[in-house]
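Chemist:
Numbering (this note's numbering), first residue to last: 92 to 386.
What follows is the structure in structure tokens.
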């Protein structure tokens, strides 16, 4: 530990706020400084809530190098390590250094020559936390030429309306398929247990640095031939997506943050250089958590 300054982020529910105040009191009695606002030189960011609170903090603070730890007051809590009744144990183990850092890979999406379409603020730039059901708002410029987004869990490409989309997809610069269906999801290993899993994608150990491309309701016709299962790709591969129609209105969603575009030239999705560091205490086992949460 260095400066013993920590920041507590909460999703604002009654239970989360009560847990935050109790944790603040315990941390201060243990010699920590609890920051009133997030700073990049903090030694730890504590997220109180569900997985949505954790994802919200990661995006809000710009994917910082500061390690994160989660206290689960939500439902699934797959990223969240600590329960509210374990606060004393958490502080003791942290002070004793009985933890390790788990770096989680992230994914980036480059939208080339796209234009933000529509003025419906309930859609453009809105965030729907896929795990917790929370809804947040993000500022988005009215027009963009090229923009880059990052995600911890997944990047989703789908129609901005309730209709199928038609996409030309390449991997590593080689054309692979003419996709027709509801959309394409590209997930990290950490995101494999989220939306990807509900679509029938594979669960991947987060220690594996790869991307998983999962189709959403693919159609196979004489005109369109699509993979019907997930594809696993090494970390140095780029997925290129070109809409068949230049006028197609698409939704690009990064960890549930949705942006509505039209006139997109192409979308390039690849592994980002950024990592998100999670604090893991002794005894943490990914596959035991998978069993506990899903079986």
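Beta carbons are placed, not taken as given, at the ideal position from N, Cα and C, and that holds for glycine.
Could you give the DSSP three-state label for residue 70: helix, strand or coil?
Modeler: Residue numbering for the chain in the displayed model covers 92 to 386; residue 70 lies beyond these limits and cannot be assessed.
Chemist: At the level of alpha carbons, what is the spacing between residue 190 and residue 370?
Modeler: Roughly 7 Å separates the two Cα atoms.
Chemist: Just verifying my parser: in three-state terms, what is the DSSP assignment at residue 245?
Modeler: Note: residue 245 maps to strand in three-state DSSP.
Chemist: Taking DSSP as the reference, what is the three-state secondary structure of residue 187?
Modeler: Here residue 187 sits in coil by DSSP.
Chemist: Does the distance from the C-beta atom of residue 248 to that of residue 328 stay below 8 Å?
Modeler: No, these two residues do not count as a Cβ contact at 8 Å.
Chemist: Looking at the secondary structure, which residues open and close the alpha helix (DSSP H) in which residue 71 lies?
Modeler: Examination of residue 71 is not possible in this model, given that the chain is present from 92 through 386 alone.
Chemist: Report buried or exposed for residue 239, applying the criterion of at least 16 other Cβ atoms within 10 angstroms of its Cβ.
Modeler: Residue 239 comes out exposed.
Chemist: Using a Cβ-Cβ cut-off of 7 Å (strictly less than) and excluding sequence neighbours within five positions of residue 221, which residues of its own chain qualify?
Modeler: Model confidence at residue 221 stands at a pLDDT of 39, short of 50, so the residue's coordinates are unreliable; what they give is reported in the following sentence. Here the set comprises 285, 286, 347.
Chemist: What residue range does the alpha helix (DSSP H) around residue 375 cover?
Modeler: No alpha helix (DSSP H) contains residue 375, which DSSP labels as neither H nor E.
Chemist: Inspect the CB distances between the region 119-137 and the region 331-348 and report whether three or more fall short of 8 Å.
Modeler: With the cut-off at 8 Å, the region 119-137 and the region 331-348 do not touch.
Chemist: Grouping DSSP H, G and I as helix and E and B as strand, with all else coil, what is residue 369?
Modeler: Looking at residue 369 - three-state DSSP - the assignment turns out to be strand.
Chemist: Starting from residue 146 and walking both ways along the alpha helix (DSSP H), at which residues does that stretch end?
Modeler: Element bounds for residue 146: 142-151.
Chemist: So, for residue 211: in the same chain, excluding its five sequence neighbours on each side, which residues have a beta-carbon less than 6 Å away from its beta-carbon?
Modeler: A caution first: residue 211 carries a pLDDT of 42, below 50, which makes its placement in the model unreliable, though a value can still be read off. Nothing meets the Cβ criterion.
Chemist: Going by the DSSP bridge assignment, what does residue 352 pair with across the sheet?
Modeler: For residue 352, which the question treats as bridged, DSSP gives the partners 207, 341.
Chemist: Provide the residue(s) that pair with residue 379 in DSSP beta bridges, ordered along the chain.
Modeler: Paired residues: none, contrary to the question.
Chemist: What is the rounded straight-line gap between the Cα of residue 216 and the Cα of residue 104?
Modeler: Confidence at residue 216 is low in this model, with a pLDDT of 44, below 50, so its placement is unreliable and the value that follows should be read with caution. About 23 Å.
Chemist: Could you tell me the distance, in whole angstroms, from the CA atom of residue 378 to the CA atom of residue 296?
Modeler: Answer to the nearest angstrom: the Cα atoms are 8 Å apart.
Chemist: Return the CA-CA distance between residue 163 and residue 181, expressed in angstroms with no decimal places.
Modeler: Distance between the alpha carbons of residue 163 and residue 181: 13 Å.
Chemist: Using C-beta distances below 8 Å, list every residue in its chain close to residue 314, excluding the 5 sequence neighbours before and after it, in chain order.
Modeler: Answer for residue 314: 269, 271, listed in chain order.
Chemist: Taking residue 292 and residue 283 to be in contact with their CB atoms under 8 Å, please state how far apart those CB atoms are, rounded to whole angstroms.
Modeler: That pair is a contact at about 6 Å.
Chemist: Taking residue 363 as the reference, give the member of 280, 386, 317, 186 with the closest Cα.
Modeler: Of the listed residues, the one whose Cα sits closest to residue 363 is 280.
Chemist: Please state whether DSSP places residue 175 in a helix, a strand or coil.
Modeler: Residue state, collapsed to three classes: helix.
Chemist: Since residue 197 and residue 365 are thought to touch, with beta carbons under 8 Å apart, how far apart are those beta carbons, to the nearest angstrom?
Modeler: About 5 Å; that satisfies the 8 Å criterion.
Chemist: Does the separation of the CB atoms of residue 246 and residue 200 fall below 8 Å?
Modeler: Yes, these two residues count as a Cβ contact at 8 Å.
Chemist: Taking 7 Å as the limit between beta carbons, can you name the residues of its chain near residue 357, skipping five residues before and five after?
Modeler: Contacts found: 203, 331, 332, 333.
Chemist: Please say whether residue 304 and residue 322 have beta carbons closer to each other than 8 Å?
Modeler: For residue 322 and residue 304, yes; Cβs fall inside 8 Å.
Chemist: Work out the CA separation of residue 259 and residue 265 for me, nearest whole Å.
Modeler: Distance between the alpha carbons of residue 265 and residue 259 is about 11 Å.
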